[in-house]
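As structure tokens, the structure follows; a few thoughts come after it.
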Amino acid sequence: MLTINNITVDFGGVKAVDNVSFSFQDRELLGLIGPNGAGKTTLMKVITGTVKPTSGSVSLDKSNLNGKAPYLRIRAGIGISQQIVHPVNSMTVLENVTFAAGHSKTDQVFLSLFKTNRAIEKEEALNLLKMVEIEDVADEKPENLPLGYIKRLELARALALKPKLLLLDEPLAGLNQSEAERLSNTLLKLNQQGQNIILIEHNLTEVVRICQRLVVIDNGKKIGEGEPKTVMNNPVVRTAYLGRS
Ligand SMILES: Nc1ncnc2c1ncn2[C@@H]1O[C@H](COP(=O)(O)OP(=O)(O)OP(=O)(O)O)[C@@H](O)[C@H]1O
Ligand SMILES: [Mg+2]
23 MLTINNITVD
33 FGGVKAVDNV
43 SFSFQDRELL
53 GLIGPNGAGK
63 TTLMKVITGT
73 VKPTSGSVSL
83 DKSNLNGKAP
93 YLRIRAGIGI
103 SQQIVHPVNS
113 MTVLENVTFA
123 AGHSKTDQVF
133 LSLFKTNRAI
143 EKEEALNLLK
153 MVEIEDVADE
163 KPENLPLGYI
173 KRLELARALA
183 LKPKLLLLDE
193 PLAGLNQSEA
203 ERLSNTLLKL
213 NQQGQNIILI
223 EHNLTEVVRI
233 CQRLVVIDNG
243 KKIGEGEPKT
253 VMNNPVVRTA
263 YLGRS
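Under my numbering, the sequence shown has 195 at position 173, and the numbering climbs by one with no breaks.
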């Protein structure tokens with residue numbers, strides 16, 4: 023479904039991504055892992071179109087995304103949930119997701135802002151809040167909520183755009199292990215319902231538990247790929263992690 027073909031990103035002499043190729047199959051929950059500075063976020067930005075690769079190509083459903091602006095990629099089905107979460111604090115949780123659901127129907131931000139009849143979007147938003155298990159705080163303002171809820175709100179907002187492929191950059195960061203386990207279970211449930219997900223994460227316990235397949239990068243290069251437990255037993259992968267911890 024998504025193909026990463028010999029991607030290299032050179033930041034003025036530093037190869038953040040060095041000739042990486044892999045493909046993503048329909049219905050997968052794929053973990054993209056590697057030590058700090060490995061090039062994971064840069065690779066994700068190449069997929070979303072905010073970083074232009076020095077060479078290589080990315081294609082979605084066999085159509086080449088090279089040169090396509092980020093908003094066209096979102097329209098083609100690439101969805102993201104970013105590392106830094108920023109909900110609109112003046113809106114309630116439900117309004118935040120309703121607004122995002124409205125976005126998926128109109129490309130004009132202002133039209134969606136001033137639309138009066140939002141019954142359908144509101145129902146969609148409520149369903150999403152149920153899916154990510156935060157419907158109990160639907161009428162709260164995000165600023166009053168703990169991080170675990172904010173992360174789920176961010177996930178619901180990303181899902182509201184109905185992405186064919188959801189890219190998550192460290193969704194578990196900042197959560198304690200029991201919260202991380204619960205959010206991972208939600209991601210697993212979404213995937214079992216058919217949501218395609220690429221998960222960038224440092225929480226290897228959860229990654230190994232929920233992902234079907236891993237791609238490991240270190241220093242910009244792909245150093246491992248395959249079934250999680252097998253990949254984590256690969257001496258090259260072990261050295262990459264141990265060597266820098
Ligand atoms: N805009 C930029 N200009 C120059 N160098 C950059 C830029 N963005 C990232 N880098 C460098 O590219 C390398 C890869 O960074 P990247 O953020 O992709 O790593 P990462 O795997 O996401 O790391 P982390 O796990 O810490 O988030 C690092 O050496 C980083 O310093
Ligand atoms: Mg990163």
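The beta-carbon is built from N, C-alpha and C at its ideal position, and this holds for glycine as well.
A heavy atom of ligand 1 is found nearer than 7 Å to the CB of V36. A straight line joining the alpha-carbon of T76 with that of L190 spans about 23 Å. Taking 3 residues as the minimum length, the beta strand (DSSP E) runs contained wholly in the stretch 154 to 202 are 187 to 191, in order along the chain.
Taking every protein chain shown into account, the CB of L221 has 16 or more other CB atoms within 10 angstroms, so this residue is buried. Shown here, G124 sits in a helix according to DSSP, grouped into three states. Under DSSP, K67 takes part in no beta bridge, so it has no partner. Per the coordinates, the alpha-carbon of E155 lies some 32 Å from the alpha-carbon of V253. Distance from the CA atom of I100 to the CA atom of K84, rounded to whole angstroms, is 14 Å. Judged by DSSP in its simplified three-state form, R204 adopts helix. The C-alpha of E176 lies about 33 Å from the C-alpha of G34. By the neighbour-count definition (other C-beta atoms within 10 Å, threshold 16), D48 is an exposed residue. Of the other Cβ atoms in all chains shown, 16 or more fall within 10 Å of the Cβ of I239; this residue is therefore buried. As the crow flies, the alpha-carbon of T72 is around 6 Å from that of P92. In this structure, T70 places its C-beta atom within 8 Å of the C-beta atom of I102. Ligand 1 never approaches N166 closely enough for any of its heavy atoms to be under 7 Å from the residue's Cβ.
Taking 7 Å as the cut-off, one finds at least one heavy atom of ligand 1 near enough to the beta carbon of H224. Each residue's CA atom was taken as its position, placing L24 and L51 some 13 Å apart. N58 has its alpha-carbon roughly 15 Å from the corresponding atom of V36. Proximity to Q215 across M153, V229, T227 and I55 peaks at M153, based on C-alpha coordinates.
Counting other Cβ atoms within 10 Å of its Cβ, E165 stays below 16 and is therefore classed as exposed. Residue environment: L169 is assigned as exposed (fewer than 16 neighbouring CB atoms within 10 Å of its CB, all protein chains considered). Comparing alpha-carbon positions, the option among K163, K62, Q234 and N225 lying closest to N111 turns out to be K163.
V237 carries a strand assignment under DSSP once its states are collapsed to helix, strand and coil.
With distances taken between CA atoms, L210 lies nearest to V230 out of A195, L94 and V230. Between I29 and V42, the C-beta gap is smaller than 8 Å, which places the two residues in contact.
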